[in-house]
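Heads up: the structure comes next, in structure tokens.
Protein chains: 2
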Amino acid sequence: MAANRQLKLGAFMRPVSIHTGAWRYPGARRDANFSLEALTEYIRKLEAAKFDAFFMADHLAVLNMPIEALRRSHTVTSFEPFTLLSALAMVTSHIGLVATASTTFEQPFNLARRFASLDHISSGRAGWNIVTTSNPDAALNFGLDEHVSHADRYARAREFYDVVTGLWDSFADDAFIRDVESGIYFDPDRMRPLNHKGPHYSVRGPLHIARPVQGWPVIVQAGASEPGRQLAAETAEVVFVAPNTLDDGRRFYADVKGRLAALGRERDHLKILPGAFVVVGDTVEEARAIRARLDSLVHAESAIASLSIALGHDVSGYDPDGYLPDIPDTEHSKSSRERALAIAEREKLTIRQLAQRLGGYAGLAIVGSPQSIADDMQEWLETEGSDGFNLMFPYLPGGLDAFVGKVVPELQRRGIFRTEYEGTTLRENLGLPRPGNRFFPD
Amino acid sequence: MAANRQLKLGAFMRPVSIHTGAWRYPGARRDANFSLEALTEYIRKLEAAKFDAFFMADHLAVLNMPIEALRRSHTVTSFEPFTLLSALAMVTSHIGLVATASTTFEQPFNLARRFASLDHISSGRAGWNIVTTSNPDAALNFGLDEHVSHADRYARAREFYDVVTGLWDSFADDAFIRDVESGIYFDPDRMRPLNHKGPHYSVRGPLHIARPVQGWPVIVQAGASEPGRQLAAETAEVVFVAPNTLDDGRRFYADVKGRLAALGRERDHLKILPGAFVVVGDTVEEARAIRARLDSLVHAESAIASLSIALGHDVSGYDPDGYLPDIPDTEHSKSSRERALAIAEREKLTIRQLAQRLGGYAGLAIVGSPQSIADDMQEWLETEGSDGFNLMFPYLPGGLDAFVGKVVPELQRRGIFRTEYEGTTLRENLGLPRPGNRFFPD
Ligand SMILES: Cc1cc2nc3c(=O)[nH]c(=O)nc-3n(C[C@H](O)[C@H](O)[C@H](O)COP(=O)(O)O)c2cc1C
Ligand SMILES: Cc1cc2nc3c(=O)[nH]c(=O)nc-3n(C[C@H](O)[C@H](O)[C@H](O)COP(=O)(O)O)c2cc1C
Numbered sequence: 077m078a079a080n081r082q083l084k085l086g087a088f089m090r091p092v093s094i095h096t097g098a099w100r101y102p103g104a105r106r107d108a109n110f111s112l113e114a115l116t117e118y119i120r121k122l123e124a125a126k127f128d129a130f131f132m133a134d135h136l137a138v139l140n141m142p143i144e145a146l147r148r149s150h151t152v153t154s155f156e157p158f159t160l161l162s163a164l165a166m167v168t169s170h171i172g173l174v175a176t177a178s179t180t181f182e183q184p185f186n187l188a189r190r191f192a193s194l195d196h197i198s199s200g201r202a203g204w205n206i207v208t209t210s211n212p213d214a215a216l217n218f219g220l221d222e223h224v225s226h227a228d229r230y231a232r233a234r235e236f237y238d239v240v241t242g243l244w245d246s247f248a249d250d251a252f253i254r255d256v257e258s259g260i261y262f263d264p265d266r267m268r269p270l271n272h273k274g275p276h277y278s279v280r281g282p283l284h285i286a287r288p289v290q291g292w293p294v295i296v297q298a299g300a301s302e303p304g305r306q307l308a309a310e311t312a313e314v315v316f317v318a319p320n321t322l323d324d325g326r327r328f329y330a331d332v333k334g335r336l337a338a339l340g341r342e343r344d345h346l347k348i349l350p351g352a353f354v355v356v357g358d359t360v361e362e363a364r365a366i367r368a369r370l371d372s373l374v375h376a377e378s379a380i381a382s383l384s385i386a387l388g389h390d391v392s393g394y395d396p397d398g399y400l401p402d403i404p405d406t407e408h409s410k411s412s413r414e415r416a417l418a419i420a421e422r423e424k425l426t427i428r429q430l431a432q433r434l435g436g437y438a439g440l441a442i443v444g445s446p447q448s449i450a451d452d453m454q455e456w457l458e459t460e461g462s463d464g465f466n467l468m469f470p471y472l473p474g475g476l477d478a479f480v481g482k483v484v485p486e487l488q489r490r491g492i493f494r495t496e497y498e499g500t501t502l503r504e505n506l507g508l509p510r511p512g513n514r515f516f517p518d
Numbered sequence: 077m078a079a080n081r082q083l084k085l086g087a088f089m090r091p092v093s094i095h096t097g098a099w100r101y102p103g104a105r106r107d108a109n110f111s112l113e114a115l116t117e118y119i120r121k122l123e124a125a126k127f128d129a130f131f132m133a134d135h136l137a138v139l140n141m142p143i144e145a146l147r148r149s150h151t152v153t154s155f156e157p158f159t160l161l162s163a164l165a166m167v168t169s170h171i172g173l174v175a176t177a178s179t180t181f182e183q184p185f186n187l188a189r190r191f192a193s194l195d196h197i198s199s200g201r202a203g204w205n206i207v208t209t210s211n212p213d214a215a216l217n218f219g220l221d222e223h224v225s226h227a228d229r230y231a232r233a234r235e236f237y238d239v240v241t242g243l244w245d246s247f248a249d250d251a252f253i254r255d256v257e258s259g260i261y262f263d264p265d266r267m268r269p270l271n272h273k274g275p276h277y278s279v280r281g282p283l284h285i286a287r288p289v290q291g292w293p294v295i296v297q298a299g300a301s302e303p304g305r306q307l308a309a310e311t312a313e314v315v316f317v318a319p320n321t322l323d324d325g326r327r328f329y330a331d332v333k334g335r336l337a338a339l340g341r342e343r344d345h346l347k348i349l350p351g352a353f354v355v356v357g358d359t360v361e362e363a364r365a366i367r368a369r370l371d372s373l374v375h376a377e378s379a380i381a382s383l384s385i386a387l388g389h390d391v392s393g394y395d396p397d398g399y400l401p402d403i404p405d406t407e408h409s410k411s412s413r414e415r416a417l418a419i420a421e422r423e424k425l426t427i428r429q430l431a432q433r434l435g436g437y438a439g440l441a442i443v444g445s446p447q448s449i450a451d452d453m454q455e456w457l458e459t460e461g462s463d464g465f466n467l468m469f470p471y472l473p474g475g476l477d478a479f480v481g482k483v484v485p486e487l488q489r490r491g492i493f494r495t496e497y498e499g500t501t502l503r504e505n506l507g508l509p510r511p512g513n514r515f516f517p518d
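Protein sequences appear in the order of chains X and V. Under my numbering, read the first sequence as residues 77 to 518, first letter to last. Under my numbering, read the second sequence as residues 77 to 518, first letter to last.
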């Protein structure tokens with residue numbers, strides 16, 4: 077709560093936007109999933125606005141939605157994160173490049189190496205969003221008949237992290253001598269095999285790549301369950317979270333930050349960034365109208381089918397342009413039911429509008445004018461709701477242009493967002509220390 | 077042997093050169109392993125010279141050499157191929173980008189996706205050098221106690237190839253409709269899961285990425301054993317080979333091309349490119365002097381130790397500046413012994429020079445003036461020794477500059493190398509057909 081605390085801002089990028097209807101919005105680049113040109117333009121704008129990081133989500137199967145929704149969704153296919161972020165490293169110089177990668181369906185040796193390489197290619201801008209992959213369909217693409225259990229995924233994730241960070245420490249920073257006279261290229265005493273043998277992984281090492289520029293790429297985590305939070309407290313330097321309200325956010329913030337002292341970690345060395353869908357208008361009313369228009373592009377029938385599932389009650393027989401009648405309580409999906417009912421009541425949405433809202437983007441949204449959005453963000457920052465945000469733009473490029481053109485200057489004017497990058501690496505910009513090398517502590 | 081046959085040229089790139097002494101050569105960039113700037117310069121020069129492809133070798137462990145040799149070698153560490161080639165795609169527009177990737181230590185789903193993404197990022201310039209990984213140390217980095225057997229590696233490779241190419245066919249080219257009016261983004265009838273269940277892999281699919289621009293990235297193979305050649309004949313479109321002489325090369329060429337008809341493949345749809353170390357001087361003498369100087373930078377003691385192993389006879393007791401005495405025949409390593417003796421005799425090398433020659437770069441070399449090198453290459457092309465070469469430069473940037481500045485114009489003058497790229501994809505430039513989609517044959 078010091079006066080000089082500033083927001084950290086990431087951009088959670090789906091090439092066309094996370095909103096299901098976005099590709100139909102006027103001016104949208106419908107083919108951005110495979111347009112490097114579009115993504116180059118977006119990341120350059122984000123860098124000009126001094127964003128901390130460009131964040132690529134990742135999934136290891138076609139998303140598991142009903143086919144009626146899937147065929148209307150632009151999220152079915154895009155670039156793979158390592159290849160994309162390596163390419164984007166070449167058109168940027170300061171913004172962080174965070175790749176999502178799974179501890180359940182990759183080999184730690186390969187992953188450690190790829191992240192180290194991305195960190196070298198980007199001169200120290202790589203981050204690793206550790207996920208355990210919740211989509212059960214992924215398992216079928218990797219030789220399994222059913223998904224690895226939640227507990228097992230997290231046990232593997234913890235060990236996987238130890239292996240990967242250990243492999244990054246394979247070489248001391250001064251291992252490479254390259255002395256022409258003596259003919260010695262590197263000092264083998266400054267290289268160390270890991271010799272890891274654990275319950276899930278056995279990896280000798282060393283990793284055959286110089287230590288990453290940042291020591292280790294920045295560790296990011298997004299698990300929400302108890303083991304997810306504990307993994308975050310033990311390992312993460314940035315945590316993504318999906319709270320519904322500021323109160324939710326504060327509880328999560330207090331919980332995860334509260335675990336750090338016992339682990340010997342400093343509170344400031346873990347940044348909590350809620351995902352937020354941000355819709356900018358010149359006025360609050362205009363922003364709401366933009367959102368309503370976007371939601372209206374979501375296919376109503378399949379959205380109403382999904383709403384019935386969320387409510388645990390078939391609403392397809394009601395007039396879609398009327399309001400929800402009293403819905404009987406059921407044992408099914410209590411939290412999604414309550415959330416839906418709360419939104420319908422708060423915003424006075426018809427059945428169709430509610431379905432399209434939930435089918436478009438259902439998570440935390442900040443919808444308003446540059447002033448009101450800056451007010452909201454400032455409140456999150458100053459009341460320990462978050463250390464910043466991982467932003468999702470409603471449609472591209474328009475929604476991104478509006479945020480960087482109108483909201484960022486307002487945040488900067490208030491002194492709660494940087495006007496220049498503090499450093500050149502992602503760690504420097506996030507204010508995170510460079511980890512020491514476990515084998516070469518000097 | 078048609079008059080208009082032209083050489084295909086790849087560059088087999090180690091950032092500092094494949095030659096062990098190269099980093100000590102005057103003007104060498106000793107830190108090129110992690111210099112994107114250097115690699116950007118090299119690939120741009122290769123593209124200006126109309127090379128077909130930039131080829132990245134890959135290994136999954138520190139190279140298994142004695143530590144005395146290893147610490148003198150610049151080959152211990154560099155970028156990972158996918159991240160590097162994706163970055164280099166951004167600074168080039170026509171040259172092919174061939175990544176080596178192992179079928180023994182990767183998951184087919186992940187690999188298929190990464191190659192497809194590289195092909196999209198580069199607008200159709202990706203190639204996959206299929207290797208089974210011969211370095212036994214790699215196994216220890218992937219949870220195994222010992223290496224997978226040679227036969228098993230090739231059985232897996234064959235099935236792995238079926239899975240990967242099948243995954244690339246997941247979407248028809250016209251699957252993505254993106255019709256704003258109807259709200260249909262893609263047609264699920266034009267997407268197909270693979271449902272592969274084989275002895276080594278079980279992969280459902282579909283791969284969640286649009287079909288690669290080239291249909292499939294170009295398939296490259298470098299196995300030399302009988303199963304390696306058969307895999308090449310069945311699957312490869314480019315074959316790397318390491319013959320010692322033109323006669324060797326012709327035998328390999330006849331063997332592998334001879335297998336194609338029975339497999340229903342056209343002879344021209346598989347290109348054979350021997351690896352060749354190419355040293356250019358203004359005269360043949362100058363080229364030989366450059367090579368001798370380069371060899372003299374190889375550490376003599378560790379080279380002589382290696383020579384003893386190659387000969388199956390300890391030569392460390394002899395005067396290194398004298399010639400080899402008669403070496404008794406042994407049962408060990410017959411071929412490496414004969415090769416060493418043949419080189420020593422042909423070039424009248426002392427023990428030290430022979431050791432340094434073998435320790436520097438021991439494979440096929442083309443050393444001479446622009447004229448003599450063009451003569452040699454033309455002979456290989458015209459006598460069915462090869463369809464071109466995969467070139468290694470002795471030191472960088474000088475050795476590369478000499479080749480593109482002096483030899484390429486000579487090859488072009490003779491009409492045996494292109495002066496403009498034929499197309500924009502690697503397939504188009506290599507004259508290879510775009511593979512049909514097994515699920516959507518229209
Ligand atoms: C902002 C945000 C981004 C996420 N991105 C991904 C992703 O790209 N890939 C993925 O598999 N899971 C992603 N997740 C899901 C989390 O990794 C995690 O599985 C989920 O929050 C449920 O938590 P749990 O696994 O601890 O139960 C994301 C979650 C959040 C909140
Ligand atoms: C020009 C050339 C390049 C090669 N590059 C690699 C490489 O990058 N990585 C690798 O593991 N093996 C590489 N190899 C080795 C081959 O894949 C293969 O293992 C070797 O030729 C022995 O053949 P075999 O495996 O059929 O016995 C290369 C071979 C040649 C001739």
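Even glycine gets a Cβ: it sits at the ideal position worked out from N, Cα and C. Note that the coordinates shown come from a computational prediction; the quantities given were computed from them, not determined experimentally.
Proximity test, Cβ basis, 7 Å: residue i and chain X
i	result
V/R510	no
V/E200	According to the sequence displayed, residue 200 of chain V carries Gly and not Glu. Output row for V/G200: interface = no.
V/N217	yes
V/M141	no
V/S378	no
V/V138	yes
V/A79	Its pLDDT being 49, under 50, V/A79 is placed unreliably by the model, and the measurement read from it follows with that caveat. No - not a single Cβ of chain X is within 7 Å of the one on V/A79.
Check: residue i C-beta below 6 Å from any heavy atom of ligand 1
i	result
X/F60	A query on residue 60 of chain X cannot be resolved here, the shown segment of chain X reaching from 77 to 518 and no further.
X/V315	no
Distance cut-off 6 Å: residue i Cβ against heavy atoms of ligand 2
i	result
V/S411	no
First through last residue of the alpha helix (DSSP H) which encompasses residue i
i	result
V/D331	322–334
V/R369	360–371
V/V484	484–489
V/I492	Where V/I492 is concerned, there is no enclosing alpha helix (DSSP H), given that its DSSP letter is neither H nor E.
V/R422	410–423
CB contact below 7 Å: residue i versus chain V
i	result
X/Q290	no
X/V207	no
X/F155	yes
X/F262	yes
X/S411	no
X/L259	The sequence given here has Gly at residue 259 of chain X, not Leu. Judged by the 7 Å Cβ criterion, X/G259 is in contact with chain V.
Where the beta strand (DSSP E) containing residue i begins and where it ends
i	result
V/L349	347–356
V/L467	464–468
X/L85	84–89
V/Q306	It is not in any beta strand (DSSP E) - V/Q306 instead sits in the alpha helix (DSSP H) that spans 302–311.
V/I380	No beta strand (DSSP E) contains V/I380, which is instead part of the alpha helix (DSSP H) from 376–387.
**Report entry** Every unbroken beta strand (DSSP E) within the segment 107–149 of chain V, with a cutoff of 3 residues, ordered by chain
**Finding:** Runs found: 129–132.
Query raised in the report: Curious, which full-length alpha helix (DSSP H) runs of at least 4 residues does the segment 163–249 of chain X contain?
Result: The qualifying runs are 184–197, 213–216, 226–244.
Query - Below 5 Å from a heavy atom of ligand 1 - residues by beta-carbon - result: Summarising the contact set, residues whose Cβ lies nearer than 5 Å to any heavy atom of ligand 1 are, in chain order, X/A133, X/D134, X/T176, X/V207, X/T209, X/S210, X/A298, X/G299, X/A300, X/S301, X/G304, X/F316, X/A318, X/G351.
Query raised in the report: Whole alpha helix (DSSP H) runs in the segment 426–451 of chain X with 4 or more residues, listed along the chain?
Result: Within the segment 426–451 of chain X, the complete alpha helix (DSSP H) segments at least 4 residues long are 427–436, listed from N- to C-terminus.
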